[in-house]
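S.K.: Those protein sequence lines, which keep their order, are chains A and B. Here the first sequence stands for residues 121 to 228, numbered as in the numbering used here. Here the second sequence stands for residues 20 to 506, numbered as in the numbering used here. For glycine and all other residues, C-beta sits at the position ideal for the given N, C-alpha and C.
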Amino acid sequence: MSLNIVSSSFFGNGFYTASLLFIIFSIFIYWIIEREPSLRDKASREMYVCGNKADPDQYRVNEHSFYKTIINYFKLDIIKQAHSGKLSMYLLWVLFGLIIIGFILMWF
Amino acid sequence: MYNYISYIVPMLLCSAFIIVTLGHKYKKLNFNVTIIALLSSLIFTLLSLPKLLNEGIIIYQLSGWQAPFGITVAVDGIGFLILSLIFLIGLIVAFISKHEIKKRRYQFYTLFMFYNVGLVGMTITGDIFNFFVFLEISSMSAYILSSFNRDKPAFESSIKYIIIGSFASSIFLIGIAMLYGMYGTLNMADLMMKIVPGFGNNIPLALILTGLFMKGAIVPFHAWKPDVVKSNPASFGLAISATSTAVSLYAIFRFVYTVFGAFYFSKMLIYIALLTMFVGAVMALQQKDLKKMIAYSAISQSGYILFGFGLGMMENIGFVSAIYHLINTVIIDAVLFISAYIISQHFKTSDMSKMGYISRQNKLFTVTFGVALLSLTGIPFLNGFASKWMLYIVSLSLYPFAAFVSFIVSVITLAYSFKAFHLIFLNDKRDYEKTPLFIPLSHKVMLAVLLVIMLVLGFFPDLGLQLSQNIIDLSLSRDLYLMGVLS
């Protein structure tokens, strides 16, 4: 089996498309740089829920907890717990890895 | 043709000697000597390109002692690429550290030179014991550099690094001793000739690889890296994340493919690569510290490169995509670490929850950082896309499950990239920072050049693919290596 991906152009005949996109991207960057910054003051940051003023910190999704549901659902925090920062734990990882590598090598 | 490669190591050693003897008296000398040494090394490497293209591999027998008795210098296509990357990243590290390191500069640059000597030696040597000596030179320098800040976190990370690293070195040395006991030689080409395929080779290979995995921070041997990156200057973090990993991955290729010809090993490399990319990405997603997030991200990306090497054992295009991804990762890491330095200097912390609103202060910097994060994810028309796409295509034909996992990891990468970008650049919870964002001119130039490279490689991926293909064409011939060294 041979996969011939490199010999032909990666975007097919898309050189002109790529050039056009490049120009559009450059204009976009120029637009971002040049436009006036619109700073949000304290009043514009206020939140209203059902017509009542709400505390933003209460309703805002925290960046750190944004993915918490997914992490908790798939139990991915176990991986973080294993990175406790304790040297003994890390050495255990090393030993575990060495055994795994040896085992796989013998298996194959 | 003249052999320039063999002059690089003595030149770097001489520069380290000059810095350590005169650097504390003549302060400007530290930076200037470092730049001159690294630039000259880069030029010497580039000057040896015609020889490489002509002969397919650069071979030099030190002091005229023929292999397997003498020490051989052997540089193939990937070796040439790695040398170029070491010096280019070295130059970037020197420029960042010029602003970042305020005290004991001569110590930093001396150790950094020794660190580069070790990495260069590991790349060019054709002798396993020599490889171990250079590994130790780079490791010793890295251990000392990792406590450079002289505060509690730096000492703690350094102690962890020393203990785990020494353990790895010991294991590596045992592997070498076993090989020497079995075949009576330490020359890589001679070993290639004498190695009898069989079960007995697996144990020394496993021990050698464990040492290399540790040096390259491959899961489950990665634990030292995030701590070291977090508690040290960003310039050293870049050196550890980009060049050290690149050299270790090259060494894995050299041992598994060239020396042992262990093609059956591909499955194991793929499993470890999947574990590395997944654990790295999941840990990056859960970080609050910018430097730690970048360190875990680098671990995850090195998983992709290893994945390409594993696939390359079965289909050469895997090597091409791995090399292309290596180039892309090094470029992205450089942007992220330069940015990490600028951001952490501005906020006086690397805790992302205490950052925000930089997008209002410098638009071009915001765009550059955003492009780097999107490239990391593999968004089309940015440089990370083509290499990841090729990895998906190759693995879909060989291991569909692995392709699925690597795609999921890309989604996680996108998640932590968005999180970091929002916290640092868009977060408006915090009051607007009045202090203007200071970016030194050298950093602006470096970021602009890297941004252009990312965009050019993104829109014209054929440039990178062709380069990677040429590099691989110059590296895959085991017979050429064998004949070149032993004839």
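1. Quick one: which chain A residues come within Cβ less than 7 Å of residue 312(B)?
2. Can you have a look at residue 169(B) and say buried or exposed, based on whether 16 or more other CB atoms are within 10 angstroms of its CB?
3. Determine the chain B residues that contact residue 226(A) at a beta-carbon separation under 8 Å, and present them in chain order.
4. On the three-state DSSP scale, how would you describe residue 191(A)?
5. Restricting to Cα atoms, I'd like to know which of 259(B), 407(B), 492(B) and 29(B) is closest to residue 341(B).
6. Identify each residue in the stretch 188-208 of chain A for which the Cβ-Cβ distance to at least one residue of chain B is less than 8 Å, and report them in chain order.
7. Going along the chain, which residues of its own chain have a beta-carbon closer than 6 Å to the beta-carbon of residue 137(B), five neighbours each way excluded?
8. Should residue 349(B) and residue 104(B) be called a contact, given that it needs their Cβ atoms to be closer than 7 Å?
9. Starting from the N-terminal side, write out each stretch of the alpha helix (DSSP H) that is 4 residues or longer and does not extend beyond the stretch 381-436 of chain B.
10. So, does the CB of residue 301(B) fall closer than 7 Å to a CB anywhere in chain A?
11. Are residue 106(B) and residue 32(B) close, meaning C-beta to C-beta below 7 Å?
12. Under 7 Å, Cβ to Cβ, is there at least one residue of chain B near residue 222(A)?
13. According to DSSP, is residue 306(B) part of a helix, a strand, or is it coil?
14. Determine the extent of the alpha helix (DSSP H) in which residue 52(B) is found, giving its start and end residues.
15. Quick one: what does DSSP say residue 214(B) is sitting in, helix, strand or coil?
16. Give the C-beta separation of residue 139(B) and residue 28(B) to the nearest angstrom, bearing in mind that I take them to be a contact with Cβ-Cβ under 8 Å.
17. Can you name the start and end residues of the beta strand (DSSP E) that residue 79(B) belongs to?
18. Buried or exposed for residue 1(B), going by 16 or more other Cβ atoms inside 10 Å?
19. Whose Cβ in chain A lies nearer than 7 Å to the Cβ of residue 117(B)?
20. From residue 186(A) to residue 441(B), what distance separates their C-alpha atoms?
21. Inspect the CB distances between the stretch 273-284 of chain B and the stretch 328-339 of chain B and report whether three or more fall short of 8 Å.
22. Chain A beta carbons: is any one of them nearer than 7 Å to that of residue 304(B)?
23. By alpha-carbon positions, which one of 481(B), 229(B), 116(B) and 327(B) ends up nearest to residue 289(B)?
24. Does residue 207(B) have its Cβ less than 7 Å from a Cβ in chain A?
25. Identify whether residue 300(B) lies in helix, strand or coil by the three-state DSSP scheme.
26. Residue 227(B) and residue 280(B) look like a contact to me (Cβ under 8 Å); what is the Cβ gap, rounded to whole Å?
27. At which residues does the beta strand (DSSP E) containing residue 467(B) begin and terminate?
28. Below 7 Å between beta carbons: does that hold for residue 247(B) and residue 180(B)?
29. Who are the Cβ neighbours of residue 388(B) in its own chain at under 6 Å, not counting the five residues just before and after it?
M.R.: Considering the structure as presented:
1. Simply none; closest approach about 12 Å.
2. exposed
3. 218 and 221
4. helix
5. 407(B)
6. 191, 196, 197, 199, 200, 203, 205 and 207
7. 153, 156 and 157
8. yes
9. 382-396 and 402-417
10. yes
11. no
12. yes
13. coil
14. 46-66
15. coil
16. 6 Å
17. 77-80
18. With chain B covering 20 to 506 only, the question about residue 1(B) has no answer from this structure.
19. Near residue 117(B) there are no residues of chain A at all, since even the closest Cβ is about 27 Å away, more than 7 Å.
20. 12 Å
21. yes
22. yes
23. 327(B)
24. no
25. helix
26. Not a contact, Cβ separation roughly 14 Å.
27. Here residue 467(B) belongs to no beta strand (DSSP E); instead the alpha helix (DSSP H) covers 460-478.
28. yes
29. 358
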